[in-house]
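A short write-up of the structure that comes next.
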Amino acid sequence: MDSFLNHEQILGLERRFQTALINSLSGIRTSFIGITGEHGQWNASTLSNITHVGANPPQISVLFRPQSAKKHTLKNYREFGTITLVCMPFHKFETVHRVSVNAPKDVFELALLGEQVQKLEGWQHPIPNDFLYAIEVNLVEEFTLGNQCIYTVGSIHQLRWSKNVRVNKNGQVIFQQSPTLAIGLQQYTSIETESKHLPYPSVDNFQFE
1207 MDSFLNHEQI LGLERRFQTA LINSLSGIRT SFIGITGEHG QWNASTLSNI
1257 THVGANPPQI SVLFRPQSAK KHTLKNYREF GTITLVCMPF HKFETVHRVS
1307 VNAPKDVFEL ALLGEQVQKL EGWQHPIPND FLYAIEVNLV EEFTLGNQCI
1357 YTVGSIHQLR WSKNVRVNKN GQVIFQQSPT LAIGLQQYTS IETESKHLPY
1407 PSVDNFQFE
């Protein structure tokens, strides 16, 4: 039997239950580590509200929740203009989750967690050794939404992927290891099934008049 909640019932739910439910409704998505900062003073955080904006020009969006003085990722992104988005393998899900701790400004969360990083030539931020792929993004514009979340759009400056990721001849990313996928803010999962690739739907396949 189906279950149902109307608007008033949703608003009447216990706050934590309502938050967990609503956060889960957007489905499964990649959970990234976002790295910002400059001159050796780095910041890392968990980011899962990331979407493709366009391929030509290549752009990607990051949605930040309402800001407080303890949050440094968006502040650094604005100040220095660049963020690195890092996709980690599923066995690193605890690291992906725990970098969201509100550490002091001078504490690099990945170092706090004992995560080994590498500094790559031409790359602005250090990247965890166990990364799957990384995207360096330059800030283009931002919008403040009615609920005070901040929607940012950035231009993809460069990409890097590890030996555990393959890009096929059609440009599709093939994972040798499952990435860390998020359901809501505190639940993580992996790729459990074989992926299927389908062509774009064509009107030629339908009998439109």
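Quick note: to get the numbering used here, add 1206 to the position in the sequence shown (first position is 1).
From the three backbone atoms N, C-alpha and C, an ideal C-beta is built for every residue, glycine too.
*State the CB to CB distance for the pair Pro1264 and Ile1362, rounded to an integer number of angstroms; the pair is presumed to be in contact (CB under 8 Å).*
In the sequence shown, counting from the first residue as 1, residue 1264 sits at position 58. In the sequence shown, counting from the first residue as 1, residue 1362 sits at position 156. That belief holds up - the Cβ atoms of Pro1264 and Ile1362 are roughly 4 Å apart, short of 8 Å.
*Three-way DSSP call (helix, strand, coil) for Glu1300 in this model*: Numbered from 1 along the sequence shown, position 94 holds the residue referred to as residue 1300. Three-state DSSP puts Glu1300 in a helix.
*Inspect the CB distances between the segment 1348–1364 and the segment 1301–1308 and report whether three or more fall short of 8 Å.*
no
*Specify, as a first and last residue, the run of the alpha helix (DSSP H) that Thr1386 falls within.*
In the sequence shown, residue 1386 corresponds to position 180, counting from 1. Where Thr1386 is concerned, there is no enclosing alpha helix (DSSP H), given that its DSSP letter is neither H nor E.
*asked:* Going by the DSSP bridge assignment, what does Pro1295 pair with across the sheet?
replied: Indexing the sequence shown from 1 puts residue 1295 at position 89. In DSSP, Pro1295 forms a bridge with Pro1385.
*Could you give the DSSP three-state label for Glu1315: helix, strand or coil?*
On the sequence shown, residue 1315 is found 109 positions in, with the first residue counted as 1. DSSP places Glu1315 in helix when its eight states are reduced to three.
_Let me make sure I understand the geometry here. Which of Phe1414, Gln1393 and Asp1410 has the alpha-carbon closest to that of Thr1225?_
In the sequence shown, counting from the first residue as 1, residue 1225 sits at position 19. Nearest C-alpha to Thr1225: Gln1393.
_So for Ile1216, helix, strand or coil by DSSP?_
In the sequence shown, the residue the question calls residue 1216 occupies position 10. Looking at Ile1216 - three-state DSSP - the assignment turns out to be helix.
_Applying the 10 Å Cβ sphere with the 16-neighbour rule, what's the burial state of Asn1249?_
The residue labelled residue 1249 in the question sits at position 43 within the sequence shown. Asn1249 comes out buried.
_Pairs of beta-carbons, one from the segment 1217–1236 and one from the segment 1372–1379, closer than 8 Å: are there three or more?_
no
*Out of Ile1333, Glu1327, Phe1270 and Pro1310, state which residue places its alpha-carbon closest to the alpha-carbon of Glu1321.*
On the sequence shown, residue 1321 is found 115 positions in, with the first residue counted as 1. Minimum Cα distance to Glu1321 is reached at Ile1333.
*Just tell me which of Asp1208, Asn1229, Ile1397 and Phe1412 has its CA closest to the CA of Arg1271.*
Within the sequence shown, the letter at position 65 stands for residue 1271. Answer by Cα proximity: Asn1229.
*When the Cα of Ser1251 is compared with those of Val1307, Phe1349 and Thr1386, which residue comes out closest?*
Within the sequence shown, numbered from 1, the residue matching residue 1251 stands at position 45. Comparing Cα-Cα distances from Ser1251 to each of Val1307, Phe1349 and Thr1386, the minimum goes to Val1307.
*Identify whether Tyr1357 lies in helix, strand or coil by the three-state DSSP scheme.*
Here the question's residue 1357 lines up with position 151 in the sequence shown. Correct three-state label for Tyr1357: strand.
*What span of residues does the alpha helix (DSSP H) with Arg1221 cover, start to end?*
Reading the sequence shown from its first residue, position 15 is the one you call residue 1221. Its alpha helix (DSSP H) spans residues Arg1221 to Ser1230.
*Looking at the unbroken alpha helix (DSSP H) that takes in Tyr1283, where does it start and where does it end?*
Taking the sequence shown and counting its residues from 1, one reaches residue 1283 at position 77. Run containing Tyr1283: Thr1279 to Phe1286, per the alpha helix (DSSP H) assignment.
*When you compare each of Arg1235, Phe1412, Tyr1339 and Thr1257 to Gln1364 by their alpha carbons, which one comes out closest?*
Here the question's residue 1364 lines up with position 158 in the sequence shown. Ranking the options by Cα distance to Gln1364, first place goes to Tyr1339.
_Trp1367 versus His1403 - alpha carbon distance_ = Against the sequence shown, residue 1367 aligns to sequence position 161. Against the sequence shown, residue 1403 aligns to sequence position 197. Rounded to the nearest angstrom, the two C-alpha atoms are 21 Å apart.
*What span of residues does the beta strand (DSSP E) with Ser1306 cover, start to end?*
Position 100 of the sequence shown, counted from the first residue, corresponds to residue 1306. Premise fails: Ser1306 is in no beta strand (DSSP E) and is neither H nor E.
*asked:* On the CB-based measure, 16 or more other CB atoms within 10 Å of its CB, does Gly1360 come out buried or exposed?
replied: Reading the sequence shown from its first residue, position 154 is the one you call residue 1360. It counts as buried.
*To the nearest angstrom, report how far apart Ile1341 and Met1207 are at their CA atoms.*
Looking up residue 1341 in the sequence shown gives position 135. Looking up residue 1207 in the sequence shown gives position 1. Approximately 44 Å, taken between the alpha carbons.
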